[in-house]
Each structure stands twice: as C-alpha cells, then as structure tokens.
Amino acid sequence: MSQTLVIVVGLCVVKMAIIVNGGNRNYQQTEPKIADSIENITAVIGKDAVLNCFVENLGLYKVGWMRSDQTVLSVGKMVTQNSRYSISHTESNKWSLRIHNVRESDEGCYLCQINTQPLLKQLHCIQLQYPPDISDDESSSDTTIQEGRNVTLHCTARGNPIPRIFWRRDDGISIIVRNETGTNLFVDTFNGSSLKLMNVRRDQMSAYLCIAVNGVEPAISKRIFLHVQFAPNITSDSQLVDALEGTSQRIDCLVESFPSPMSYWVKEAVTMRGGSSHKVLIEQSEKYTIHEKKISSYKSMMILTINNLTQQDIGSYVCISGNPLGSSNKTIKIYEVRLTTTTTTTTTTQSTTTSTTMKTTTTTRRKLYYYHPRTTSTTTTQLTTEQMTEFDFEFVTDFPGSNSLFYPGVESYQHHINYINSQNSLRDKIHLHYFSMSLLLLISMIS
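With mature numbering (1 follows the signal peptide of the UniProt record, and there is no 0) as the guide, the letters of the sequence shown map in order to residues -22 to -1, 1 to 425.
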C-alpha cells in the first residue's frame, strides 16, 4: 500500500510515494484556504504592529511570512535573525506576525503564504503614523525688523497624518492679525503655516510658537523670537519735584528702546539770568545712587536717588538714552528744597524760676507761578498770562531770576523782585504780630 508524502523544503513542495503495510492507497487532503479578509493596518513608530492571517484546513502544510522585497521571515517557525519579529499561533486558524518597536523602515507590505502547489498568498500592508517634525531649514528663525514694517513668519512640518500648524504667543498675549478687509483682529491662536504681521509695533515683540499636531503624540513646537527695533522713547510721571531738606529724593524715567540703549543721567548747572548753562555727568557716589530696573525685553526704569538733599541740589536732572536708531531725553526739575525753621520761647516767673523751651518746626507757604504746557509739543512757545497756572509751593528765601531752570514761568525779573518784596513785607507783619502777642503774655504773667 502506498501514499504520497509531502516534504517541505523551504517553500518548495516535494511529493514521494511510500509503501504502507505492503499495499498501495491514494491519500487525499482538502486543500488549505486563506480567509478573504485582508487586514491593512496603521502603526505608530515606536509601538508594536501585529498582522493576522486566517487559514482553514492547513493540514500538513506550513504558513510562512515574507516581506514584499522577498525577504523570508518565517516558514512555520522564525528563520530571520531579526529579534524584532516574532510569530504566534494562538487560535486554531490564526497565525500572527508581530513587529516590535516599529521603525520607519518597517512600512510596506507583507505576504502570508502557504506552501501549496501553486503557493497561496495574501498581502497585508502596514502604513505608519508618526508624530509631526518641524523642518528647521524650511521654517523661520529668530527675526529682527524695524517698527512699522511688515513681516511673515513661516513654519513647515511633516508627519503622517499631515500635521495641522497653528501659532500663538509664548507670553499668552493675543496675536494681532489683519483680515481681508484690512481690520486688525486680536486672536489667541492663528491657523496656518505662515503668520503675516502688518505694520508691526513694539508691543508685538515676543516669542511666537509654531505648533504642529496630527493626533500622534507628541506634538511639537518651534519658538521663533520677533525683535522689533526702534529709537528710545522716555516718559516720566513727574517733571517737577519738591523735596524735604536732609532727606533722599528718588526720580525716575521709563525708557522704551530696542536694541537696549546706553542710558545715563546729567545735571544742568543752575544759572542766574543771562548766564550760560552746562551739563555735568552724574556718577555713582555717596551723593547719587544710580539703578536701572529691567521691566521687559524693551522697557526699563532709570532710577536716580539724590541723598541728603541741600539747596545746592535744586536744578534740572536729565535722563538720556541712545541706541543706533536715535536718542531721547527727559528733564525732571527739583524746583525747591523745603526748609525748616525752629522757634524757641522762654517763660520766667518771680516766685519760681521756670524755663520752658518750645521748638516748633514750621514751613511758610507762598504762591509760585510756573508755566504748565497745554500740549506735549517740543516746539518752544511764548508764555502768555492765560497759560500760567497758580500752585501753592513751599517758601524759598532766595530765588534766582526768572530764566533759571527750576523757576520757569515768571514773566520778568522785576516781577519776581516785586513779588519777593511783597512776601517779605507780609512776613515782617507776621513776625511783629507774634512779638506783640509774646509781650502781652509776659506782662500778664508778671502782673
């Protein structure tokens, strides 16, 4: 009896006739069949991918896996030396090929086949999904422009699926974009690979984040810093300052500038009417404390502290800042150092001698006129009576002429002298009044 023995060598089928119990017999087997369902999958780089092949009536035949480039991976068992591949047969009709830690090179098609004659085959394909990757060569780097210009920032990213790109400011402030009608819009995020900014202002200077996402983690971002250059601009809350003698007085200037400026302080020398003026550079010393406080990428505070104030500190102090695009300055005037006077009163009686001393610190008030501009124009304007504003300032015994830097607004030197004389007359009357009162008090105590 004879039957045909199928021997598998590689994927070739060899049939041999054998004698069974001395008789001949025809051996017949139902042909294997691969299920029609084709399983194409998507896989993520770095994860595992599994391809399943469902076979019916396998019998003595073998299931093998092969790449589309004819690389044999398994024939019943693994034949490749690549440890990232493995096979399993967990169900009666299910043969699986597992690819560990999928790489970009694993993308493509794989054949599940049975060593029949002819071979039975089924194609399974892997399509990779991979997270976004931003191309530095095709994207903008840090950019510098001058204020008022237009600029476009670009960002290019690849990935599967195709990434979606959007922009936002790193500091969380809204982005200013212009729509089709030319209207400025404030948006938290902007969609698109190109961000166009029109008529750029200094407050748009920031780090802009280009963010790419496609549903495959992780998302990725690129930080692009936009530098906006402009000449310095200086502002100050106080342009006229009065202070108490012997104390310290702080004056400051807010500077906006990019690139960062060179900043310093000067003092304008106090001159009498008709004299010439000059500036003296202020340096760090016991008299002056100089400090600069950084507020933002383009804002800083210049701070000058004048210690142990005296009458000699009256004058104009100028903060100056300059960069390659220009310079700016602001003048702050210390117009008065308030003086203190001490009055001593002594009282004596006949029966018991009692000495009482009372010290009273007083300040005498006076009216001081100075020019208060109605506009911020830097053009020199002739002073008129309607433009003079009256303020109640502390009394100073010795003022220079009306052209002094710290006593602006008096129309003429003679006007100033007349005014001082009237104030001195009033002061004499007040002193006579106090003397009369003291004399009456002394007489009443004696009597």
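Every residue gets a Cβ at the ideal spot worked out from N, C-alpha and C, and that includes glycine. Predicted, not measured: the structure shown is a model, and the values here were computed from it.
- Considered as a whole, the segment 121 to 158 harbours no complete run of any alpha helix (DSSP H) with no fewer than 4 residues.
- In the three-state reduction of the DSSP assignment, D220 falls in the strand class.
- The beta carbon of S66 sits closer than 6 angstroms to the beta carbons of S74 from its chain, once the five residues preceding and following it are set aside; these are given in chain order.
- Under the three-state reduction of DSSP, S70 is assigned to coil, being neither helix nor strand.
- DSSP, read as helix, strand or coil, puts S238 in coil.
- Going by beta carbons, F236 and H269 fall outside the 9 angstroms limit.
- N35 and K72 do not touch by the CB rule: their CB atoms are close to 14 angstroms apart, not below 8 angstroms.
- Boundaries of the beta strand (DSSP E) around I92: G86 to I92.
- For Q262, the secondary structure class from DSSP, reduced to helix, strand or coil, is coil.
- About 7 angstroms separates the beta carbon of I112 from that of T134, a gap short enough to meet the 8 angstroms contact definition.
- M279 is bridged by DSSP to L232 and K271.
- Taking 9 angstroms as the cut-off, the beta carbon of I310 is found no closer than this to the beta carbon of C188.
- Beta-bridge pairing by DSSP links Y295 to K245 and I310.
- Each residue's CA atom was taken as its position, placing A21 and T49 some 20 angstroms apart.
- Closest in alpha carbon position to T283, among A221, K257 and S83, is A221.
- Its Cα nearest to that of K55, the residue R76 stands out among R76, D47 and T167.
- Between the alpha carbons of S61 and P96 lies a gap of roughly 30 angstroms.
- Only buried fits R146, as 16 or more other CB atoms lie within 10 angstroms of its CB.
- Secondary structure of R180 (DSSP, three-state): helix.
- DSSP links V33 through a beta bridge to I12.
- If the five residues before and after V178 are omitted, its C-beta is found closer than 8 angstroms to the C-beta atoms of I123, E125, G126, R127, N128, V129, L204 and V206, all from its own chain and listed in chain order.
- In the DSSP assignment, T213 falls within the unbroken beta strand (DSSP E) covering I198 to T213.
- Excluding residues up to 5 positions away in sequence, nothing lies with its Cβ nearer than 8 angstroms to the Cβ of D14 in the same chain.
- Where D111 is concerned, the enclosing beta strand (DSSP E) starts and stops at L98 to I112.
- Cβ-Cβ separation between P239 and N138: approximately 49 angstroms, too far for a contact (criterion under 8 angstroms).
- The DSSP-derived three-state label of S172 is strand.
- Boundaries of the beta strand (DSSP E) around G42: V41 to R45.
- Rounded to the nearest angstrom, the Cβ distance from Y295 to I229 is 6 angstroms, consistent with a contact under 8 angstroms.
- Per DSSP, the beta-bridge partners of G304 are N301.
- Burial is judged here by how many other beta carbons sit within 10 angstroms of a residue's own beta carbon; G170 has fewer than 16 and is exposed.
- When secondary structure is reduced to three states using DSSP, S83 falls in the helix class.
- Distance between Y242 and F144, taken at the CA atoms: about 43 angstroms.
- DSSP, read as helix, strand or coil, puts Q227 in strand.
- Listed in chain order, the non-local C-beta contacts of R81 below 7 angstroms within the same chain comprise I23, local neighbours out to five positions each way being set aside.
- Closest in C-alpha terms to E223, from the list V315, C90 and A190, comes V315.
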